[in-house]
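Have a look at the structure below before the remarks.
Okay, structure coming up:
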């Protein structure tokens, strides 16, 4: 299937470069561009992309608020958001995850990594590499902020095995790595993750990480 991508960045040259890269992949297509957060929300509602590559710092409406509006729109339930960040200077990335982003990417990443990130997020996985994720959570997660909305319960509603799986998700492991760590098949690990998301009322693995840390089930620095 072709991954339909919407590019949101206030710099025209950056969008043009990303567009050329995305269009160079046989399994992707650029279906829209936006120069502000408000344009991104409108374009998402108009073209219904599979994924939005969203810059954080944009005029009119920033990428975090735009992500929140997209995530809250039931008509856009299948739209994933991959947020771009300068990482060292962008201290809003955890808020972007709380807002509903499915992952984040450093803006100066290599072209092949951007394409891989798009495929990962479009497939329903969260783009959360263990090192950067742990550092971001340790620095910002427990700072005063609006709690992440959740339609479900807390981790206490999970079985023992599900809590083990959630802890590994919070450390940035993918389904294959979780399966290896717990002696499960990848399909069983995936089933556990899907069931956990349903019980906790979250939309993807990125928000599972936030739930695990905000509930105190996993703490920064946990090996």
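Numbering (our numbering), first residue to last: 52 to 274.
The beta carbon of each residue, even a glycine, is placed where N, CA and C say it ideally should be.
Quick caveat, the model's predicted, so the values are computed rather than measured.
With H, G and I counted as helix, E and B as strand and the rest as coil, what does DSSP make of residue i?
| i | result |
| --- | --- |
| residue 212 | helix |
| residue 154 | strand |
| residue 222 | coil |
| residue 132 | strand |
| residue 198 | Summary for residue 198: the model assigns pLDDT 47, below 50, so the residue's position carries little reliability; its value from the coordinates is reported in the next sentence. The answer is coil: DSSP assigns residue 198 none of H, G, I, E or B. |
| residue 235 | coil |
| residue 161 | coil |
| residue 137 | coil |
| residue 248 | helix |
| residue 240 | helix |
| residue 253 | coil |
| residue 174 | coil |
With distances taken from CA atoms, which of the options is nearest residue i?
| i | options | result |
| --- | --- | --- |
| residue 165 | 61, 52, 69 and 54 | 69 |
| residue 246 | 232, 82, 212 and 172 | 212 |
| residue 160 | 136, 76 and 173 | 136 |
| residue 67 | 52, 86 and 134 | 86 |
| residue 170 | 64, 78, 264 and 111 | 78 |
| residue 89 | 71, 134, 249 and 111 | 111 |
| residue 241 | 227, 127 and 172 | 227 |
| residue 62 | 99, 52, 109 and 155 | 109 |
| residue 60 | 252, 128 and 134 | 134 |
| residue 126 | 102, 107, 96 and 103 | 96 |
| residue 71 | 162, 143 and 129 | 162 |
Would you say residue i lies against chain D (beta-carbon separation less than 8 Å)?
| i | result |
| --- | --- |
| residue 258 | Any reference to chain D falls outside this structure, which holds one protein chain only. |
Which word fits residue i, buried or exposed, when buried means at least 16 other C-beta atoms lie within 10 angstroms of its C-beta?
| i | result |
| --- | --- |
| residue 207 | exposed |
| residue 176 | buried |
| residue 249 | exposed |
| residue 174 | exposed |
| residue 153 | buried |
| residue 238 | exposed |
| residue 251 | buried |
| residue 64 | exposed |
| residue 84 | buried |
| residue 151 | buried |
For my contact list, residue i and residue j are in at a C-beta cut-off of 8 Å; report their separation, rounded to the angstrom.
| i | j | result |
| --- | --- | --- |
| residue 105 | residue 93 | In fact, because the Cβ distance is near 14 Å, the residues do not count as touching under 8 Å. |
| residue 98 | residue 118 | The pair is not a contact, with the Cβ atoms about 17 Å apart (cut-off 8 Å). |
What are the start and end residues of each continuous alpha helix (DSSP H) run of 4 or more residues lying completely inside the segment 54-129, in chain order? DSSP runs (the alpha helix (DSSP H)) wholly in the segment 54-129: 63-75, 88-98 and 114-123.
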